[in-house]
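Chains as they are written, first to last, in the numbering used here: chain A, 1 to 308; chain B, 309 to 616. The C-beta atom is built at its ideal place from N, Cα and C for all residues, glycine as well.
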């Protein structure tokens, strides 16, 4: 099993008027820094290339198509792919995808050190709502601008490691982690854009939001014996604040690296992937311990059905 | 929705030579204390009535049938049922069950304030192993002495609250929580007997074990918007040490009460069950957000299948 340096490239806010080229320049700065530290796999956040526009409402959603990429790589992102290939570095980032069929997804890709897209993942668990809701302190219109992902949670063996991706809200859902875990995942990369305030609860500010974030990632990593990189786009963005708290978590569920600020920031950790094997062969030996005859509801019933 | 005082009755070790009657006397002391504090629902640990005998190996397992109860309530436990009924208190505890058919289960029951057993749960996720394994620092022979539970994770509405039960290792499995969550659970009672040392890893002592315990319970409560009581039998028992760390967790995933020691100890919290509704109707609104079309593997594949 390989040992490799893995890293999270946290990004500060990306304002509406920043161009893709300006964003890529910031990403390249972090990639250069990562390479200087010997990093072999680098994770950028969800929706890395643009502002988190689902906080804004537009009547005609086509007015927001300019936030979406119609091909990948494209002219703006090509330098990122080339730089990574020159470094022999694998990487992952999120962006908004508009397909030739006209479908919109919140997407992440994993790219091999050879510059090939080896995994595409489209976000499954879209939070928020589809219509303008005035009772909220801010809007979170992911269900307006995206379709639920149609890829499911796949994995790919890249750089000798079984890798999977998830996006933001997916990390709160143990189903995400378990489907990846059942495919032997050893590294889960998760980008997020998480507002610092629950838009329906004045009580839930950044402290609670950070706790829930870390709780979900650490539990998912522990319960599936996998490394995880959870990486934020954070700080102030178009007048809205998002939590930082990017972390790298080991297969025992412990945080082994953590960002300090809310801007562009690199954190690096040494991943010893053979450590995944211990949990996978003992307490979380799925073949020995799981009892699927009692799990039917999970995959057959979407909502709650309460007894009389 | 009711507000009620709920409590965990942590128990110190129960040595091999303690009688059922001696144990019940200790349980009654805690129940009296709970009643004095206005507690309406009280949770005792897994295998409350006996030592955690799966740490011992016997060639002929029938030699250990004396650790099992063949009826419930029985002569020894009757005073517990009667005292609770006189207090109008619901309660739950774990014991080893030997059925008329000769099957052995690690069982928990929930008892209504009227003294009726309203839910029986048999432990699903049996940890450990079935045969003597000399490479372990101590044995954990639950798979030798028990069958995997055949009840699944049911719930019952008792005292106006949707209650479910899980036992020890079940708490580490998100499937446990999710099946209960899909039935609208508002209070999960979990007893445990957790050795302070991973019997296959010298590195994993009580500090890590407590972290994993709390991580699992807090994540399960948060991700299913439910109160949880996780209650230990702990401290020294027949020369072996088990972690304490009994906790009561709110539906936001925060610990709201915690034991300080490793002996018989009561902790109490005020549960405002309407707080479950917030998470269940927003971030964890299952009907709005779950995507069961991507969860198939969870209920159809027991072990890991890794890509080439």
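- In the three-state reduction of the DSSP assignment, residue 211(A) falls in the helix class, which pools H, G and I.
- Annotation: residue 39(A) is outside any beta strand (DSSP E) and is labelled neither H nor E by DSSP.
- By the C-beta density criterion, residue 325(B) is exposed, having fewer than 16 other C-beta atoms within 10 angstroms.
- In the structure shown, the three-state DSSP call for residue 216(A) is helix.
- With contacts defined by Cβ atoms closer than 9 Å, residue 487(B) and residue 534(B) do not form a contacting pair.
- According to the DSSP secondary-structure assignment, residue 529(B) is paired through a beta bridge with no residue.
- The Cβ of residue 439(B) sits no closer than 9 Å to any Cβ of chain A.
- Distance check between residue 173(A) and each of 162(A), 260(A) and 221(A) places 221(A) closest, using alpha-carbon atoms only.
- Interface annotation, residue 159(A): not in contact with chain B, CB-CB separation never under 9 Å.
- In this structure, the CA atom of residue 498(B) is about 17 Å from the CA atom of residue 456(B).
- As the crow flies, the alpha-carbon of residue 119(A) is around 20 Å from that of residue 2(A).
- In the three-state reduction of the DSSP assignment, residue 567(B) falls in the coil class.
- Listed in chain order, the non-local C-beta contacts of residue 303(A) below 6 Å within the same chain number zero, local neighbours out to five positions each way being set aside.
- DSSP places residue 16(A) outside both helix and strand once states are collapsed to three, so it counts as coil.
- Pairing residue 423(B) with residue 580(B), the inter-Cα distance amounts to about 24 Å.
- Residues of chain B whose Cβ lies closer than 7 Å to the Cβ of residue 253(A) are, in chain order, 520 and 523.
- Note that the C-beta distance between residue 89(A) and residue 34(A) is below 9 Å.
- The continuous stretches of alpha helix (DSSP H) do not include residue 576(B), which lies in the beta strand (DSSP E) extending over residues 573-580.
- Apart from the 5 residues on each side of it in sequence, residue 477(B) sits with its Cβ closer than 6 Å to the Cβ of 433 and 435 in its chain, given in chain order.
- According to DSSP, residue pairing for residue 412(B) in a beta bridge involves 406(B).
- Under DSSP, the beta-bridge partners assigned to residue 242(A) are 195(A) and 235(A).
- By the neighbour-count definition (other C-beta atoms within 10 Å, threshold 16), residue 370(B) is an exposed residue.
- For residue 145(A), there is no enclosing beta strand (DSSP E); the enclosing alpha helix (DSSP H) has its first and last residue at 142-145.
- With contacts defined as CB atoms closer than 9 Å, residue 200(A) and residue 164(A) fail to qualify as a contacting pair.
- The residues 205, 206, 209, 241, 242 and 243, in chain order, have a CB closer than 7 Å to that of residue 196(A) in the same chain once the five nearest residues on each side in sequence are set aside.
- Nearest CB-CB separation between residue 168(A) and chain B: not below the 9 Å threshold.
- Residue pairing by DSSP leaves residue 44(A) without any beta bridge partner.
- Taking 4 residues as the shortest admissible run, the segment 367-447 of chain B contains the following complete alpha helix (DSSP H) segments, listed from N- to C-terminal end: 386-395.
- Looking at the backbone, the Cα of residue 562(B) and that of residue 290(A) are separated by about 27 Å.
- Under the three-state reduction of DSSP output, residue 201(A) falls in the coil class, being neither helix nor strand.
- Residues of chain A with a Cβ closer than 7 Å to the Cβ of residue 530(B) are, in chain order, 212 and 215.
- Only residues of its own chain outside the window of five on either side were considered, and among them 10 and 259 have a CB closer than 7 Å to the CB of residue 265(A), listed in chain order.
- Nearest to residue 449(B) by alpha-carbon distance, out of 536(B), 368(B), 601(B) and 584(B), is 368(B).
- Against chain A, a Cβ distance below 7 Å from residue 526(B) picks out 215.
- Residue 183(A) and residue 470(B) have their C-alpha atoms spaced approximately 34 Å apart.
- The beta-carbon of residue 516(B) is placed less than 9 Å from the nearest beta-carbon of chain A.
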